[in-house]
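Right, one structure below, let's go through it.
In the numbering used here, the protein residues as written are 226 to 445.
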């Protein structure tokens, strides 16, 4: 296999992962239905379960009934099921079934150097992708400047204790979207940027633990 052929195969594989992940990516907006990326309380979300369970950031959801727009353009009013600013996680429910739920991965086994992709709607560009490598997963990150802690993608919510940190760009509108591995499995929920070229996500194992505690479910 030539270097060109190998690069083409990698490119094709990543393209397929992006297309697969976009089906599980939603937009979350105010009741008017307008997506105001870059403003407090608006961004992306991830279909967690086919029965209409949507995961996003707590700092994205500032109303009890936001509007969720699916990748196919359908819009649904959502109910707020859970909201935890400390972890920066929120769970929504929409009245829909057989949705393209994302495949769940495992963040505790991620290694530094593994490739990840982050999807969202930065500046209103739907389904935009950023990519980079894992820096690490853990509780304390000196790489996060002190003024950045608790300031989530210019939105402002209190941070939790465990983060997935990657060398990629996140922008307002990425918040709440999926961070996936090269097989399209969810490893984190995009939440903040920490300086130039460093993106931070809530690890999927933290999300599972939270859902188990507040809703009695992790994934089904």
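Where a beta carbon is used, it is the ideal one built from N, C-alpha and C, also for glycine.
- Pairwise C-beta distances place the segment 284-304 out of contact with the segment 327-343, as fewer than three of them are shorter than 8 angstroms.
- In this structure, the straight-line span from the alpha carbon of residue 251 to that of residue 426 is close to 17 angstroms.
- With respect to the 7 angstroms criterion, residue 249 and residue 327 are classified as neighbours on the basis of their beta carbons.
- In this structure, DSSP gives residue 241 a helical state, which the three-state scheme calls helix.
- When the five nearest sequence neighbours on each side are left out, the beta carbons in the same chain lying within less than 8 angstroms of the beta carbon of residue 323 are those of 275, in order along the chain.
- Straight through space, the alpha carbons of residue 307 and residue 418 are spaced by roughly 24 angstroms.
- In this structure residue 235 is not in contact with residue 281, their Cβ atoms being roughly 30 angstroms apart against a cut-off of 8 angstroms.
- Our two residues, residue 392 and residue 438, have alpha carbons roughly 31 angstroms apart in a direct line.
- Listed in chain order, the non-local C-beta contacts of residue 338 below 8 angstroms within the same chain comprise 358 and 359, local neighbours out to five positions each way being set aside.
- Burial state of residue 404 is buried, judged by a 10 Å Cβ sphere holding 16 or more other Cβ atoms.
- Of 407, 233, 309 and 228, the smallest CA-CA separation from residue 336 is found for 407.
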